[in-house]
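Right, one structure below, let's go through it.
Residue numbers (the numbering used here), protein chains in the order written: chain F, 1 to 614; chain H, 1 to 614.
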């Protein structure tokens with residue numbers, strides 16, 4: 001805990017004194033200026049050379065509740081969550097919200113600028129750390145993103161779910177994060193791709209993180225989306241039903257048999273078809289709560305059980321009620337557990353003795369019904385299928401043979417990789433345009449290729465039917481745009497297909513990320529890209545395309561014909577292989593890729609070389 | 001507080017004893033069986049006849065913190081929120097969450113089954129109730145929905161915002177609510193229409209209600225969407241920026257002047273372009289928090305200021321820090337107030353002395369950054385324009401002249417009201433079909449009209465080019481579908497327009513609700529309807545259409561031509577007028593309504609008579 005000016009001296013003294021591990025709280029190094037960045041790197045090298053390790057600088061310390069090591073400013077209640085945070089204060093907020101949710105922590109590591117030890121290493125260490133049963137990570141800079149994702153995948157495989165909070169969804173957060181820890185923030189799509197690959201759960205706030213962890217740490221997980229809801233009050237159970245369904249869960253009517261069993265134990269005012277409104281039955285006999293939970297859990301008609309409303313609050317009314325409610329709570333937790341179901345409780349009294357006991361018994365307890373719905377919904381989504389896996393990058397082609405970035409060069413590169421394109425010829429004069437069109441056959445399209453090869457406004461003329469029209473178009477575009485080169489192309493059957501865009505964008509941390517979305521006007525309307533770490537297989541490509549918002553349009557809604565999703569996926573796979581092999585490709589895109597009833601046609605192509613900025 | 005069996009006797013005794021107001025906690029009347037419903041109605045009539053009023057039955061009582069009247073089971077902290085709840089327990093949860101947010105209550109009314117006094121009357125009473133500055137309502141059955149909406153509109157006009165929580169978004173919640181209080185639950189679209197008309201804020205959870213009320217009760221409201229963010233830590237401010245932008249707010253870069261002023265007061269590690277990362281500057285000098293807030297508030301560059309992260313927690317560290325932080329907090333609240341800006345604080349320590357003081361000083365304080373973003377975002381949305389107003393229903397045509405529900409009758413009714421349709425002729429034989437087509441001119445469309453007039457699967461044949469094709473189509477459809485009648489219609493220029501659906505659906509409580517959405521495949525893709533209480537003006541129709549998700553397609557993206565939104569709005573307005581005048585229309589719909597570059601064409605019409613079930 002020294003100022004930046006004394007950093008190196010403190011490190012050296014520590015090493016001399018035989019320190020094997022150094023925790024550097026010191027800020028003001030490497031966050032903003034290259035000079036500080038260099039200083040922290042040099043120091044880290046000295047630490048490693050001495051066989052020691054360094055956490056930080058610019059961190060808030062570390063804690064291990066199992067060994068009672070606490071080199072932080074805060075206290076951590078022992079528990080199953082391993083917490084890694086690149087931001088000190090956010091780490092403390094996560095701990096705070098975790099404690100509020102009854103969660104405790106096995107270890108806390110504030111990694112700061114990650115000059116030596118980074119978040120990925122910490123995550124790897126937690127996989128083998130027995131007391132850690134789930135990992136909560138806040139990170140801004142993923143370092144070697146592929147390695148990070150692979151470690152997260154291993155954690156998931158070891159039964160330790162990883163919940164990730166990060167920033168960088170907006171330019172405003174990117175600009176501040178860079179100043180904060182010198183972080184190279186990843187594009188939000190790259191992070192999504194990494195989550196889809198590794199099975200990490202991505203959340204948006206500290207609160208969501210702890211809400212979700214409560215469910216992930218419960219002794220049983222929902223095997224499906226069916227939720228059984230009960231509460232003592234129609235308002236609460238109705239609201240719960242609306243929220244559960246809004247979060248993607250199902251609230252299906254119970255069988256008549258189950259409804260009748262429930263009715264038999266409850267007062268006549270009760271509703272028992274799901275949601276179950278005990279309707280004063282809890283006031284009459286508090287054991288009704290336990291009976292209802294038990295019947296629902298044993299029925300097999302619900303994958304998760306939600307108790308909502310007042311229950312949890314009796315223990316705050318009187319000593320007698322406390323004794324009774326604790327007994328009921330213990331017995332309902334046992335019923336759910338014995339039946340292998342997850343029970344979650346939303347209560348108006350989330351800090352009551354009963355709520356605390358429920359949490360100790362592995363029952364997630366929420367103050368907000370939507371938090372319960374969020375957590376169950378996010379967990380239940382996973383039942384749809386396994387994560388994609390973190391793909392190996394293929395052997396990298398040397399950068400000695402730089403890729404062409406002009407239009408025809410890019411087309412050639414893609415065509416050679418297996419992305420089909422329509423016929424096109426480069427022309428520089430009206431005469432050669434007419435000759436080209438004669439070979440290709442009318443109607444044709446004329447494109448003026450700008451220096452960047454990307455067609456300028458008004459640089460594409462469609463549906464040219466004959467020579468005269470072609471010559472007119474050529475002269476007009478030449479006079480207006482002065483392009484170096486034109487392309488004459490076979491007109492594609494636009495009306496018989498749908499436009500997609502496929503591409504790969506290289507993220508500094510996660511490498512090439514494949515993306516696919518609807519093209520043309522739909523790109524703007526749906527604003528949705530499906531993403532995956534490149535390369536992707538044809539099968540994965542099909543899954544990505546099917547997951548697109550608006551992707552139903554490929555299934556034959558339009559004009560009745562189903563379009564060739566397989567061919568589109570094959571083009572995406574080929575493009576992703578190409579980009580994954582050639583590190584000098586920064587961005588590559590085919591937009592539009594026209595998907596037809598049979599096959600696909602690339603109609604435009606664009607390549608941007610990887611920037612060589614540090 | 002008597003059982004249902006003793007209800008009438010208790011009411012009668014009370015009246016005999018001179019009671020002018022009765023609060024009936026009693027449940028088991030009117031929620032489920034018609035008999036109980038009748039009993040509570042009879043009792044309510046006797047109460048009114050005696051010049052008294054009755055709240056309930058099936059309620060949890062009433063409270064008035066100003067007069068210290070408390071006929072409930074709970075305690076209410078005094079404050080500015082009038083709370084009306086149809087569910088007793090949900091009312092208590094709202095109070096609980098309100099207390100957690102530092103909010104107090106002027107009055108609490110649990111209206112239960114609303115046999116006599118209903119939520120609308122309570123809302124009206126709160127408009128004139130001086131201590132009440134905002135109203136929180138949970139209601140399942142809106143009674144006379146138009147009257148309810150009008151009263152809510154008056155409340156908003158009186159400067160008392162109304163925040164509404166309701167249920168009924170899903171069949172699961174509808175079925176339980178009906179059992180719960182015998183409620184006739186409104187369609188969620190009708191509730192949205194009422195909110196759009198009256199300016200009520202609709203929320204989805206008790207937590208959201210209190211989060212929003214904190215901002216609505218702040219002394220200054222944001223005039224725009226620009227947010228200035230500051231905090232001591234890059235993670236917190238970056239996360240705040242992402243959440244604010246996700247909730248529709250703007251985090252724009254500050255001017256160089258402002259950034260420089262901020263930099264001048266902060267340590268060199270700070271980032272000052274917005275978000276502002278004080279970067280340890282708060283640790284160095286806690287008054288930096290106040291300086292930053294003051295500079296942002298005075299700059300005019302932010303409509304709202306968000307302080308996020310650790311601040312609020314110093315007061316829990318030591319007595320010295322407490323004194324300092326309280327001073328800083330008071331002074332930043334004053335700065336924001338003097339500059340007429342809303343300051344909100346997200347803190348890891350939402351129950352600290354500083355947090356409590358901030359709330360008392362009119363500064364909303366949140367434990368969750370997304371809650372702050374939600375509240376500011378919802379409030380800022382309102383700056384886009386005033387609410388639509390609750391329209392008067394036009395004089396009702398008598399039900400003596402029942403509307404036709406067949407296809408041609410519906411078309412006629414709509415055409416007479418001013419909705420344009422293409423040419424169509426009813427035919428019963430192939431010969432008359434051919435004769436009709438000869439008059440209309442090919443290509444034509446042939447529709448088989450089912451008994452319900454709604455075309456069955458395969459009951460429409462498009463693009464019939466000549467006699468032979470028409471005869472074939474006729475025979476084939478006749479053999480397969482056996483329709484009573486066919487319609488021969490002029491083929492519409494589908495490729496030159498876009499399909500909308502326009503309609504009106506009558507809600508039991510809110511009356512006719514106008515709706516418009518994209519038609520055809522886009523209906524399914526966007527799943528978005530814009531809704532308003534009927535009748536709507538042409539102007540309002542234009543606004544509704546422009547607000548549609550995917551509505552940009554009408555603005556000339558497709559094929560470059562702007563489509564005739566005005567004509568579509570005129571058709572919607574005409575249809576809504578018609579439905580608002582004729583109470584026997586339960587549902588009426590033109591789907592598709594083809595919107596062309598000039599004008600619109602109704603291509604199908606459907607009418608369902610209002611059900612006469614009670």
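We treat Cβ as the ideally placed atom computed from N, Cα and C, and that holds for glycine.
Item                                                                                                                          : Value
Residue 38 of chain H classed as buried or exposed, judged by whether at least 16 other C-beta atoms fall within 10 angstroms : exposed
Identity of the residues DSSP links to residue 302 of chain F by a beta bridge                                                : For residue 302 of chain F, which the question treats as bridged, DSSP gives no partner whatsoever.
In DSSP terms, what residue 138 of chain F is bridged to                                                                      : F:85, F:165
Endpoints, the alpha helix (DSSP H) within which residue 414 of chain H is located                                            : 407-417
Three-pair Cβ contact test at 8 Å for the stretch 332-341 of chain H versus the stretch 356-365 of chain H                    : yes
N-terminal and C-terminal residue of the alpha helix (DSSP H) that residue 215 of chain H is part of                          : 206-216
Residue 183 of chain H in three-state terms, based on DSSP                                                                    : coil
Contact set between the stretch 285-313 of chain F and chain H, restricted to residues whose Cβ is under 8 Å from the partner : 309, 310
Host beta strand (DSSP E) of residue 682 of chain F (start-end)                                                               : The structure shown has nothing for residue 682 of chain F, since chain F only spans 1 to 614.
Residue 522 of chain H - containing beta strand (DSSP E), residue span                                                        : Note, residue 522 of chain H: premise wrong, no beta strand (DSSP E); alpha helix (DSSP H) at 520-526.
7 Å Cβ cutoff met for residue 301 of chain F and residue 374 of chain F                                                       : no
Residue 491 of chain F at chain H interface by Cβ criterion, 7 Å                                                              : no
For residue 609 of chain F and residue 453 of chain F, the rounded distance between their alpha carbons                       : Because the pLDDT of residue 453 of chain F is 43, which lies under 50, any placement of that residue in the model is unreliable, and the number read from its coordinates should be weighed accordingly. Looking at the two C-alpha atoms, the distance is approximately 13 Å.
Contact set between residue 348 of chain H and chain F, taken where Cβ atoms lie within less than 7 Å                         : 92, 93, 96
Distance between residue 435 of chain F and residue 411 of chain F (C-alpha atoms, nearest Å)                                 : 21 Å
Chain-ordered chain F contacts of residue 603 of chain H [CB-CB under 8 Å]                                                    : The premise fails here: residue 603 of chain H is roughly 17 Å from chain F at the closest Cβ pair, so nothing lies under 8 Å.
Which of helix, strand or coil DSSP assigns to residue 616 of chain F                                                         : Since the displayed chain F opens at 1 and closes at 614, residue 616 of chain F lies outside it and no answer follows.
Exposure label - residue 614 of chain F; buried when at least 16 CB within 10 Å                                               : Low per-residue confidence applies at residue 614 of chain F: pLDDT is 44, beneath 50, and the placement is therefore not dependable, though the value from the model is reported in the following sentence. Exposed, since its Cβ has fewer than 16 Cβ neighbours within 10 Å.
Chain-ordered residues of the stretch 127-146 of chain H with a beta carbon less than 9 Å from chain F                        : 138, 140
Proximity below 7 Å, CB of residue 501 of chain F to CB of residue 550 of chain F                                             : no
Beta-carbon proximity list for residue 239 of chain F, same chain, < 7 Å, skipping 5 on both sides                            : 369
Proximity winner among F:394, F:420, F:419, F:424, relative to residue 408 of chain F (alpha-carbon distances)                : F:424
Segment contact flag, the stretch 526-535 of chain H with the stretch 491-509 of chain F, C-beta cutoff 8 Å, min 3 pairs      : no
Pairwise C-alpha distance: residue 523 of chain H and residue 558 of chain H                                                  : Caution applies to residue 558 of chain H, whose pLDDT of 47 falls short of 50 and renders its modelled position unreliable; the model cannot decide the point.
DSSP three-state assignment for residue 328 of chain H, whether helix, strand or coil                                         : helix
Completely contained beta strand (DSSP E) runs for the stretch 9-86 of chain H, where each covers 3 or more residues          : 21-23, 53-55, 62-64, 78-85
Where residue 126 of chain F falls, given that 16 or more other Cβ within 10 Å makes a residue buried                         : buried
Backbone secondary structure at residue 151 of chain H - three-state DSSP                                                     : helix
Minimum Cβ-Cβ distance from residue 528 of chain F to chain H less than 7 Å                                                   : no
Closest by C-alpha distance to residue 463 of chain H, when choosing among H:241, H:483, H:441, H:475                         : H:441
Against chain F: residues of the stretch 373-396 of chain H by CB proximity under 7 Å                                         : none
Minimum Cβ-Cβ distance from residue 239 of chain F to chain H less than 7 Å                                                   : yes
Sequence-distant residues of its chain with Cβ nearer than 8 Å to residue 245 of chain F (five each side left out)            : 251
Proximity test, Cβ basis, 7 Å: residue 99 of chain F and chain H                                                              : no
Residues that residue 523 of chain F contacts on chain H, provided the C-beta gap is smaller than 8 Å                         : Per Cβ cutoff of 8 Å: no residues; residue 523 of chain F is ~11 Å from chain H at best.
DSSP bridge partner residues for residue 277 of chain F (one or two, in chain order)                                          : F:231, F:271
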